[in-house]
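Counting in this note's numbering, the sequence shown tops out at residue 891, every number present.
Working notes, beginning with the structure itself.
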Amino acid sequence: MWKNHAEQDNLQKSGSKLTLPALSDSKSLSFNRAQPQRDQALKMDELFFSLRGSNISQVPFAVHNTMGNLKSRHIEVSHWQGYIYESIQRVEREIACLEQMKEMAEHCLQERRLYSQLMSDCVALSSGLCSAGLRQDQVFIKLKKEEQLSNESGEVLQKQIFILLDKLSSLKTIRSHLLKDFQDKVEAIKLTSRCITFEEETPCSRLPAGPFKPIYVSYEKWLSHCQSLKLTADNLVKDSSSCRGNLQLLLANQKNSHERQRCSTGESLRRKIHDLTKISDKLNMERQSIKHEISDLTKGAQRVANYIHNCECRLHQTTHLLDFLNQRPRFELCLDHPHNYLTLERHDLAAMAAGLQLVLQRSQQNLGMAHRHLTFVEDKLARNGQTLEVAQRCQSFHQSFRLAVDTAVVLSNKPRLCGTLDSSSPHTDLQ
């Protein structure tokens with residue numbers, strides 16, 4: 461420390477020895493305010509002589525140290541301002557990506573519900589027109605399974621949307637905290653810069669400070685707040701990004717599962733329609749064959765009936781001839797050749813007519829059986845046609861709606877950057 465020997469000699473001659481007092485704290489200030497006026501005047505005189513007789517080179521050093529602390533504080537707050545700004549950008553990008561993913565998930569959920577309703581209609585259609593035994597058909601089983609898969613995937617997707625909404629709310633909350641903290645740091649930097657560039661002779665320097673009571677926090681608490689805010693934002697962004705990745709994987713897996721089940725159901729429908737078509741063709745051929753058989757039986761019965769009619773006519777004629785011969789008088793009524801031949805012919809015609817009657821009965825029985833067989837085949841053909849119509853309608857419904865979830869869902873992991881920040885963005889403040 462520098463010493464002023466001349467002034468010290470004068471002070472020694474005067475018999476008084478004063479030194480520069482230490483900076484007073486709040487306790488000493490309160491104690492001094494309690495002293496009488498005489499003691500205060502004495503203290504002021506001692507301070508005056510102390511300042512005159514001591515070296516005050518420590519004051520510029522303290523001022524220099526204060527300016528260094530202000531500049532260091534300015535740099536530190538500026539660094540944290542940059543960190544907070546980067547966190548705000550990451551949070552806003554993640555919010556944009558999360559909103560895009562939520563939109564996509566809601567669209568997929570709406571499609572799942574529409575498709576589930578379509579599957580319910582297909583199941584109701586197939587179960588309503590089929591008998592209880594046919595409800596265990598593969599088409600019905602596949603449709604029921606696809607309906608169940610669509611319902612389950614819709615429930616899972618709804619839960620994931622709720623999780624997305626919760627993540628989105630957390631991100632918006634931390635963004636609000638980050639923006640407030642960023643604005644606080646902007647204001648703190650402005651005030652620190654004002655302290656650094658403060659000039660004593662400016663008009664504003666003579667104005668008294670505003671009457672407010674600041675609420676201080678420790679440096680450790682301030683640093684912990686900054687670190688906690690940044691760490692919370694980073695963790696939320698990381699958690700949200702992981703949630704988006706899981707949802708994208710879920711959508712891809714659901715798409716693959718639905719596509720596999722859809723293809724399996726479609727294949728069962730095509731196979732069912734093919735089999736029913738073959739059965740219909742076979743029944744149509746059988747019906748045509750029965751109709752030909754009925755036609756032949758009808759023609760045969762008609763011929764037998766004609767034979768019987770001719771035979772009966774000839775039998776009636778032969779009987780009349782015998783009656784004429786039996787009218788011959790006395791010895792002329794003999795069993796000659798005409799009488800014998802007519803008698804034999806009548807007997808043969810009667811036997812032939814009786815045999816033809818049996819043939820006609822069998823023909824009529826066969827014709828009745830053919831008609832019953834035709835009725836059975838036509839009923840079976842009608843039922844098969846109804847089943848075929850149901851299968852075709854189910855296939856039409858099944859093909860009328862295709863899920864719009866494509867590979868864009870899986871490839872949409874790239875974040876959609878915001879074009880511009882809004883008025884509350886800290887970009888202009890950072891500049």
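No residue lacks a Cβ here, since even glycine has one placed at the ideal position from N, Cα and C.
Being a predicted model, the structure only gives us computed values, none of them experimental.
Of the residues the options, the one placed nearest residue i, counting alpha carbons only
i: residue 847; options: 554, 597 and 708; result: 597
i: residue 650; options: 676, 577, 608 and 537; result: 537
i: residue 526; options: 652, 625, 806 and 641; result: 652
i: residue 572; options: 618, 680, 584 and 726; result: 618
i: residue 774; options: 807, 756 and 558; result: 807
i: residue 782; options: 791, 768, 769 and 797; result: 797
i: residue 690; options: 674, 551, 724 and 624; result: 551
i: residue 529; options: 655, 827 and 838; result: 655
i: residue 819; options: 779, 759, 579 and 582; result: 759
i: residue 561; options: 817, 707 and 739; result: 707
i: residue 578; options: 557, 608, 787 and 558; result: 608
i: residue 692; options: 548, 822 and 792; result: 548
i: residue 637; options: 857, 544, 833 and 738; result: 544
i: residue 827; options: 757, 738 and 622; result: 757
i: residue 834; options: 855, 743, 718 and 777; result: 743
i: residue 764; options: 823, 853, 755 and 639; result: 823
i: residue 817; options: 647, 772 and 546; result: 772
i: residue 699; options: 729, 557 and 533; result: 557
i: residue 616; options: 729, 793, 710 and 776; result: 710
i: residue 803; options: 821, 784, 606 and 814; result: 784
i: residue 703; options: 719, 555 and 686; result: 555
i: residue 761; options: 825, 801, 715 and 810; result: 825
i: residue 830; options: 622, 776, 795 and 746; result: 746
i: residue 697; options: 531, 682, 612 and 634; result: 634
i: residue 630; options: 559, 727 and 718; result: 559
i: residue 861; options: 581, 541 and 837; result: 581
i: residue 733; options: 767, 844 and 769; result: 844
i: residue 568; options: 610, 813 and 539; result: 610
i: residue 814; options: 719, 587 and 767; result: 767
Buried or exposed by the 16-neighbour rule on C-beta atoms within 10 Å, applied to residue i
i: residue 482; result: In this prediction, residue 482 scores a pLDDT of 37, lower than 50, which makes its location untrustworthy; the coordinate-derived value is nonetheless stated afterwards. The residue is exposed, with fewer than 16 neighbouring Cβ atoms inside 10 Å.
i: residue 626; result: exposed
i: residue 563; result: exposed
i: residue 423; result: Nothing about residue 423 can be read from this structure; the chain reaches only from 461 to 891.
i: residue 600; result: buried
i: residue 632; result: exposed
i: residue 736; result: buried
i: residue 850; result: buried
i: residue 614; result: buried
i: residue 507; result: Low confidence applies here, because residue 507 scores a pLDDT of 44, under 50, leaving its location unreliable; read the following figure in that light. Answer is exposed; the Cβ neighbour count stays below 16.
i: residue 620; result: buried
i: residue 787; result: exposed
i: residue 575; result: buried
i: residue 855; result: buried
i: residue 645; result: buried
i: residue 731; result: exposed
i: residue 583; result: buried
i: residue 642; result: buried
i: residue 728; result: buried
i: residue 723; result: exposed
i: residue 795; result: exposed
i: residue 750; result: buried
i: residue 858; result: buried
i: residue 657; result: exposed
i: residue 603; result: buried
i: residue 565; result: buried
Residue span of the alpha helix (DSSP H) that contains residue i, given as start and end
i: residue 839; result: 797-860
i: residue 611; result: 598-656
Collapsed DSSP secondary structure at residue i in the structure displayed
i: residue 794; result: coil
i: residue 778; result: helix
i: residue 577; result: helix
i: residue 484; result: Its pLDDT being 36, under 50, residue 484 is placed unreliably by the model, and the measurement read from it follows with that caveat. Note: residue 484 maps to coil in three-state DSSP.
i: residue 764; result: helix
i: residue 889; result: Because residue 889 sits at a pLDDT of 46, beneath the cut-off of 50, its placement in the model cannot be relied upon, and the following sentence gives the value as read from the coordinates. Three-state DSSP puts residue 889 in a helix.
i: residue 733; result: helix
i: residue 788; result: coil
i: residue 538; result: helix
i: residue 675; result: coil
i: residue 722; result: helix
i: residue 516; result: Residue confidence is low: residue 516 scores 48 on pLDDT, short of 50, so the model does not pin down where it sits. No coordinate-derived value is stated.
Any non-hydrogen atom of the ligand ZN closer than 6 Å to residue i Cβ
i: residue 758; result: Only the bare structure without any ligand can be found here, which leaves the ligand ZN out of the picture.
7 Å Cβ cutoff, residue i in contact with chain D
i: residue 803; result: Of the chains in the structure shown, none is chain D; there is only one protein chain.
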